[in-house]
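Have a look at the structure below, then the notes.
In full-length UniProt numbering, the protein residues as written are 1 to 75.
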């Protein structure tokens, strides 16, 4: 999905269970992540409900475990 389509989906209140941001434009990936966090994570719970993992640095088992953990509180 392109960046602008992603923003339209967020604005319409449609979010997916998971996202993988990839591509050459680091700025767009960071902006997309920022917008997503603003939409789905309550600021007071970010320390509990947000974890940034890189597939280059973390084994797949740890990523699966992380995404399988339910959030503490959400909007």
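Beta carbons are placed, not taken as given, at the ideal position from N, Cα and C, and that holds for glycine. Remember, it's a predicted structure, so these values are computed and weren't measured experimentally.
Two segments are said to touch when three or more pairs of C-beta atoms, one from each, lie closer than 8 Å; by this definition the region 4-21 touches the region 31-44.
Residue 69 is not a Cβ neighbour of residue 40, given a cutoff of 8 Å.
Collapsing the DSSP output to three states places residue 66 in a helix.
When the Cα atoms are used, residue 59 and residue 13 turn out to be separated by approximately 32 Å. Bounds of any alpha helix (DSSP H) do not take in residue 41, whose DSSP letter is neither H nor E.
In the structure shown, the three-state DSSP call for residue 52 is coil.
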